[in-house]
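Each remark here refers to the structure printed beneath this line.
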Amino acid sequence: MSAEVTLATKEFDPAELLGAFTHGLGGEGAVVSFTGHARGAAKDGAAIEALVLESYRGVTLASMKAIAADAMARFDISRCRVVHRTGRIAPGEAIVFVATASAHRRAAFEAADFIMDRLKTEAVFWKREESPDRKRWIEPTSGDHADAQRWQE
Amino acid sequence: MSAEVTLATKEFDPAELLGAFTHGLGGEGAVVSFTGHARGAAKDGAAIEALVLESYRGVTLASMKAIAADAMARFDISRCRVVHRTGRIAPGEAIVFVATASAHRRAAFEAADFIMDRLKTEAVFWKREESPDRKRWIEPTSGDHADAQRWQE
Amino acid sequence: MEETRVMLEIELCGRLADVGGALAQIAIPENGCSVAELFGLIAQQHPALAHPLVSGRVRACVNETIVTPDARVMAGDEVALFPPVSGG
Amino acid sequence: MEETRVMLEIELCGRLADVGGALAQIAIPENGCSVAELFGLIAQQHPALAHPLVSGRVRACVNETIVTPDARVMAGDEVALFPPVSGG
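Residue numbers (this note's numbering), protein chains in the order written: chain C, 679 to 831; chain D, 679 to 831; chain F, 44 to 131; chain B, 44 to 131.
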């Protein structure tokens, strides 16, 4: 039973993280991963030069760890891995990586899904899309809140 | 829009597959992967020497392709990758790998989940656990059927 | 007068091979028969396979297509019997 | 007689920094005040921040803990204002 959580200040490779996670398995049959990548275009189609994520001291990492611990307590998973970038992220680069392992595929899927919903709405980050002519702060959408709400039942 | 489906006769590396899938992205923000690994112990705790998967000529690959095509039609995903082993699989080795990419994380999660549920109940494989003193055929569980049933609505 | 029969080779997949071997030779009418009739002939000629065949869970695959019980099979067709499948 | 005031430095996170700069200096009572009172003082002393603060969506973080409006802050505390967060 282990959760490993990292706040990454540099680009990371999701494939490498999945490889390390898989290497550390102890016989679990099911592994789910999610990777979120920075987009090159805003919702209105405008080009994005970079996604900038701000974090706050120890509070950001603590918020990520709390979400991972909740997932471990709530779902029948034996391990999870959470990596989240902070700083300036170029289009295509990974922003977030989540992996979960379980004897049961449903638990692995649900836990990864849950962790992402919670990260979107509760992890202590502030993000903005930057293009040469504008900066736009991004807050969770109503869809993000609805997704997170699914786990309240 | 593309689905790539492979019936693998040798061990494959899920991390490498995720790397290749990620490399081929065209700006999608969300990537979900699922890997199923062969277990070293049966449900009753008995050691398993190997999981043996039988397939049948072109029908097995066709069944995998049909499932991937259904997922592409049903969910808002832009690509998916499905790799499934056939033959003799040692404990820990990957049996199946599924990856999906979408602009929306919910679609990526649901499509991967759907593909796995369908593979479990509809892909043309027959599998048995082998240990030194017994062979045991594995059929979908009632849980597997219930999981697949979720998508009928 | 008895109808002329021809031999059809049937591949038995998965657990069916444990019961009947990997291949079964079945005598069928020269002009072919339906899959439902074939199942009856298999049960007669290979009684060990009767039980799985009456379960309703075995499907026939003819020339690489899974078919319904009313599909026809002829000598020369590539026929296989599929017990319940399970991937992943 | 006016109560003695001390300066508290407040970090403004996310979009709040666009409005009020990365750091705001706020005069607070020498014996401290509640977070709710602090919000009122910020709105007085930095009117540009009044609007986001009355939205009810800004939280205070004191010494690396997100706190409720009744928590107390003193000079020397490490205080930050968090607008709605969004990871992933």
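Built from N, CA and C at the ideal position, the CB exists for glycine as well.
Computed from a predicted model, the values in this text were never measured in an experiment.
Cα-Cα separation between residue i and residue j, rounded to whole angstroms
i	j	result
V761 (chain D)	V683 (chain C)	29 angstroms
V737 (chain D)	C76 (chain F)	23 angstroms
A781 (chain C)	R757 (chain D)	27 angstroms
G63 (chain B)	T700 (chain D)	40 angstroms
G702 (chain D)	L695 (chain D)	11 angstroms
S98 (chain F)	G131 (chain F)	24 angstroms
R751 (chain D)	G714 (chain D)	In the sequence under discussion, the amino acid at residue 751 (chain D) is Ala, which differs from the Arg named in the question. For A751 (chain D) and G714 (chain D), the distance between alpha carbons rounds to 24 angstroms.
R814 (chain D)	E808 (chain D)	7 angstroms
W829 (chain C)	A790 (chain C)	12 angstroms
F125 (chain F)	R812 (chain D)	22 angstroms
V730 (chain C)	G770 (chain C)	13 angstroms
D848 (chain D)	K688 (chain C)	Nothing can be reported for residue 848 (chain D), as the shown portion of chain D is limited to 679 through 831.
K798 (chain D)	I109 (chain B)	45 angstroms
H89 (chain B)	N74 (chain B)	21 angstroms
P95 (chain F)	S711 (chain D)	37 angstroms
L81 (chain F)	A65 (chain F)	17 angstroms
S820 (chain D)	F775 (chain D)	22 angstroms
E765 (chain D)	A744 (chain D)	Rather than Glu, the amino acid found at residue 765 (chain D) in this sequence is Gly. Distance between the alpha carbons of G765 (chain D) and A744 (chain D) is about 21 angstroms.
C56 (chain B)	F690 (chain D)	45 angstroms
I71 (chain B)	A725 (chain C)	44 angstroms
D120 (chain F)	L51 (chain F)	8 angstroms
R100 (chain F)	G723 (chain C)	52 angstroms
P127 (chain B)	V49 (chain B)	28 angstroms
Q827 (chain D)	E727 (chain C)	44 angstroms
DSSP state of residue i mapped onto helix, strand, coil
i	result
M50 (chain B)	strand
G765 (chain C)	strand
T799 (chain D)	helix
T687 (chain D)	coil
G119 (chain F)	coil
A103 (chain F)	strand
F775 (chain D)	strand
A67 (chain F)	strand
E732 (chain D)	strand
V128 (chain B)	coil
F753 (chain C)	coil
S98 (chain F)	coil
A708 (chain C)	strand
H782 (chain D)	coil
T738 (chain C)	helix
H715 (chain D)	strand
Beta-carbon neighbours of residue i, restricted to chain C and to distances below 7 angstroms
i	result
G57 (chain B)	E732, W804 and W815
G718 (chain D)	G705
Sub-8 angstroms separation of residue i and residue j beta-carbons
i	j	result
V78 (chain F)	A114 (chain F)	yes
A716 (chain C)	I767 (chain C)	yes
S733 (chain D)	E800 (chain D)	no
D754 (chain D)	A777 (chain D)	no
G705 (chain D)	G718 (chain C)	yes
A681 (chain C)	A746 (chain C)	yes
A772 (chain D)	R759 (chain D)	no
A67 (chain F)	I85 (chain F)	yes
M794 (chain D)	R783 (chain C)	yes
R735 (chain D)	E46 (chain F)	no
F803 (chain C)	F787 (chain D)	no
A779 (chain D)	V709 (chain D)	yes
Neighbour list for residue i in chain B, Cβ cutoff strictly below 8 angstroms
i	result
V774 (chain C)	G130 and G131
Where residue i falls, given that 16 or more other Cβ within 10 Å makes a residue buried
i	result
S129 (chain F)	buried
K805 (chain C)	buried
K721 (chain C)	exposed
P112 (chain B)	exposed
A693 (chain C)	buried
V749 (chain D)	The identity of residue 749 (chain D) in the sequence shown is Ala, whereas the question assumes Val. So A749 (chain D) ends up on the buried side.
P818 (chain C)	buried
G707 (chain C)	buried
A91 (chain F)	exposed
Where residue i meets chain B, residues with beta-carbon distance less than 9 angstroms
i	result
A801 (chain C)	V128, S129, G130 and G131
Residues that residue i contacts on chain D, provided the C-beta gap is smaller than 7 angstroms
i	result
P692 (chain C)	L696 and T700
F753 (chain C)	In chain order: nothing, as chain D lies at least about 14 angstroms away.
Per-residue contacts from residue i into chain C (C-beta, under 9 angstroms)
i	result
A123 (chain B)	Y734, R735 and V737
D825 (chain D)	R783 and R784
E107 (chain B)	Y734, R735, G736, V737 and A740
Proximal chain F residues relative to residue i, where beta-carbon distance stays under 9 angstroms
i	result
H762 (chain D)	G130 and G131
P769 (chain D)	None at all; the shortest Cβ gap to chain F is about 16 angstroms.
Cross-chain neighbours of residue i in chain B, by beta carbon under 7 angstroms
i	result
K798 (chain C)	S129, G130 and G131
Where residue i meets chain D, residues with beta-carbon distance less than 9 angstroms
i	result
G714 (chain C)	G707, A708, V709 and R783
C104 (chain F)	Y734, R735, V737 and V802
Per-residue contacts from residue i into chain C (C-beta, under 8 angstroms)
i	result
D722 (chain D)	The premise fails here: D722 (chain D) is roughly 14 angstroms from chain C at the closest Cβ pair, so nothing lies under 8 angstroms.
Residues that residue i contacts on chain D, provided the C-beta gap is smaller than 8 angstroms
i	result
F792 (chain C)	Within chain D, no residue comes near F792 (chain C); the closest Cβ sits about 10 angstroms away, beyond 8 angstroms.
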